[in-house]
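Numbering (the numbering used here), first residue to last: 45 to 506.
The beta-carbon is built from N, C-alpha and C at its ideal position, and this holds for glycine as well.
Below is one structure, written out as structure tokens; the observations come after it.
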Amino acid sequence: MSRIFLLSTNVTVDPYPVYPLGMAVLAGALTAKGHQVFQYDFLAGGCDEALLRRAIEEFHPDLVGLSLRNIDNVDSFSGGNGWYLAQARDQVKLVRKATGAPLVVGGPAFSIMPEAILDYLGADYGIVGEGERALCALIDRLMSGETIPPLFVDSGPALKREEMAAPLYRQDLVEFYVGRSGMINLQTKRGCPFVCAYCTYPFLEGNRFRPRDPAAVVEDLRGIRRDHGNPTVFFTDSIFNDSEGHYLVLAEEIIRSQINVRWCAFFRPAGMGRPELALLKRSGLYALELGTDAASDATLSELGKGFAFSEVLRFNEDCLAERLPCAHFIIFGGPGETAATLAVGLKNIAALGPSVVFAFSGIRILPGSPLCERARREGVITAGQSLLEPFYYHSPSIDIDSMNELIRHSFQGFRQRIFPPSDGQVRMEVMRRFGFSGILWDRLVSFAGKGGRGREQCAVIP
Ligand code: B12
């Protein structure tokens with residue numbers, strides 16, 4: 045059996061630091077196979093190079109696995125500051141100084157541009173997609189002296205539910221992340237069957253929903269409660285409210301188990317109503333992040349979202365009626381955006397009342413997405429253009445500066461409307477200094493009626 049040193053390279057604290065779940069899941073899979081695993085998190089280690097080097101030297105690994113979560117922060121305003129690959133390359137150099145063991149890289153960011161990132165980082169091997177089976181296989185083959193090509197793509201079928209490993213959380217890391225964000229994370233299913241124009245989820249996790257066994261998820265939740273206090277949980281599924289209803293089965297299982305967990309997740313703002321929301325709330329749901337993505341029917345359709353804004357409004361009303369705070373993530377300037385769709389979009393957003401809206405300008409073009417093809421066709425990018433450094437799609441039919449100015453102007457004075465994204469960071473920082481933790485934006489929402497504040501009123505907290 046081998047000694048495997050896992051390193052989470054992620055140093056992003058935007059919108060808040062997130063527990064390195066990919067690394068924890070791999071640690072679970074490797075440990076179950078009998079390997080000895082050390083999990084090291086660069087962010088939790090204070091980004092201290094000497095500390096990392098010492099940890100590797102003391103562990104004497106047979107192999108180092110690098111988990112790469114983010115390429116950049118998908119915010120067109122942040123320029124070079126929001127690009128993380130140079131820091132990851134520095135970590136690779138550091139690992140090389142500490143050990144001669146082979147270095148394997150994987151993770152969602154890596155899987156989006158495997159060849160280019162492998163080349164840029166200078167690691168020995170890269171694994172695309174799910175890591176549990178592939179990394180174990182690569183270790184076996186390497187340890188038996190086999191020569192294998194640098195890019196390892198698991199050609200087998202997507203992992204079955206029993207093959208998706210349970211995460212192995214480290215108490216010190218849990219303390220670090222709960223201390224900073226009040227939260228830990230867990231995945232309940234993989235896959236996404238939708239074809240949103242800009243998105244990479246279907247090729248990262250496959251294009252059909254693959255739920256984990258609800259009993260296994262509940263067991264993980266029980267373990268979190270038993271071993272790590274009772275932090276709130278973020279379910280990291282691409283979309284929580286899958287059209288096949290697996291999420292409802294899970295909610296019922298959570299209720300039956302009486303584990304009393306507070307949780308939050310990312311939802312598609314369509315395809316469910318108040319009865320479902322009420323059930324989820326009983327299982328511990330306290331806030332919803334919504335992939336609304338665009339604000340007019342025309343731009344929703346260009347993004348291939350498959351729902352109209354009237355459905356978003358209904359969903360929003362249902363959340364408010366259930367007194368569940370929700371935040372809409374909306375990108376302006378995408379395909380089909382014009383001055384007319386912008387005007388409709390801003391009007392539509394006003395109708396979302398006290399709910400939170402995070403707005404972005406322009407869409408990060410990622411290889412393999414339908415948007416990337418469109419950008420090539422429209423001459424926004426050239427055929428061989430590298431997308432390693434962020435490049436944003438802005439509709440050729442709108443002037444970016446005036447669009448940004450109009451959004452700013454329309455959001456001014458409303459605390460639940462956040463643009464540009466860095467504004468959100470500043471506000472969250474203030475709230476953290478006031479002693480608040482968690483997703484934080486939920487505290488910006490106030491509800492109408494008994495015990496609540498006026499629907500149109502803004503938040504209590506800065
Ligand atoms: C849930 C989620 C969020 C939630 C996280 C909530 C939380 N508390 O955890 C929220 C909404 C907050 C969020 C925020 C952000 N996110 Co996000 N997020 C995701 C999502 C949907 C799932 C990530 C996850 O936890 N998966 C579950 C774990 C178990 O899977 P995994 O990490 O992929 O690990 C598996 C494999 O990748 C592999 N693997 C992992 N590591 C390694 C290492 C080795 C050696 C090997 C061999 C294999 C391997 O094996 C694992 C098990 O199979 C992904 C998209 C996706 N479907 O993957 C985007 C994604 C990771 N996010 C992305 C981005 C950009 C961000 C933000 C920067 C956006 C922003 N500005 O807010 C922030 C950064 C947050 C941070 N501090 O790091 C991008 C990253 C790509 C890029 N463009 O850089 C992704 C890929 C989405 C996309 N655009 O395509 N995110």
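Residue i burial status per 10 Å Cβ neighbour count (16 or more: buried)
i	result
G495	The predicted position of G495 is uncertain, since its pLDDT is 43 and thus under 50; no value can be drawn from it.
V470	exposed
E417	exposed
M447	buried
A419	buried
P193	exposed
S441	exposed
M45	exposed
Q501	Per-residue confidence for Q501 stands at a pLDDT of 37, beneath the threshold of 50, marking its modelled position as unreliable; no derived number is given.
G90	exposed
R98	exposed
S25	Nothing in the structure corresponds to residue 25, since the chain is present only between 45 and 506.
Q456	exposed
T336	buried
A167	buried
L50	buried
E381	buried
S354	exposed
K204	exposed
P201	exposed
For residue i, the nearest candidate out of the options (CA to CA)
i	options	result
A260	Y221, P440 and M208	M208
K233	E206, V222, I192 and E190	E206
L186	F351, G235, F404 and Y169	Y169
A142	V305, M316, P105 and F278	P105
A314	W307, E296 and S287	S287
F310	I283, G380, A153 and L396	I283
V401	E355, Q80 and E333	E333
G377	A352, D443, A202 and S399	D443
E449	F404, D163 and G482	F404
V55	F82, N125 and V81	N125
G389	A181, D341 and L165	D341
T113	A153, C180, L364 and I407	Reading off the sequence, residue 113 comes out as Arg, not Thr. That would be A153, whose Cα lies nearest to the Cα of R113.
F480	G223, L138, G72 and I171	G223
D362	V239, K77, L323 and F373	L323
R306	P319, L265 and L432	L265
Enclosing alpha helix (DSSP H) for residue i [first to last residue]
i	result
M67	L65 to A76
L129	L129 to A142
G16	With the chain covering only 45 through 506, there is no way to say anything about residue 16.
Q215	Q215 to S225
L248	Y245 to E249
S490	Taken as a continuous stretch (DSSP letters only), S490 belongs to no alpha helix (DSSP H), as it is neither H nor E.
S345	D341 to E346
N- and C-terminal bounds of the beta strand (DSSP E) containing residue i
i	result
I375	C370 to F376
T56	Segment: none, T56 is in no beta strand (DSSP E) and carries neither H nor E.
E333	L329 to D337
C308	W307 to F311
F507	This structure leaves residue 507 out entirely; the chain is present only between 45 and 506.
G380	First-last for G380: undefined, no H or E at that position.
Residue i: CB within 7 Å of a non-hydrogen atom of the ligand ATP
i	result
Q456	This structure lacks the ligand ATP; the ligands present are the ligand B12.
Minimum Cβ-Cβ distance from residue i to chain C less than 8 Å
i	result
I100	The structure shown contains no chain C; it holds only a single protein chain.
- Item | Segments assigned alpha helix (DSSP H), at least 4 residues, entirely inside the region 257-301 | Look at the region 257-301 and you find these whole runs of alpha helix (DSSP H), each 4 residues long or longer: 258-272 and 290-301.
- Which runs of the beta strand (DSSP E), 3 residues or longer, sit entirely within the region 150-209? As far as the region 150-209 is concerned, its whole beta strand (DSSP E) runs of at least 3 residues are 169-172 and 195-197.
- Message: Ignoring anything shorter than 3 residues, give me the beta strand (DSSP E) runs that lie fully in the region 396-484, in order along the chain.
- Response: Restricted to the region 396-484, the beta strand (DSSP E) segments that are unbroken, complete and at least 3 residues in length are 400-405, listed in chain order.
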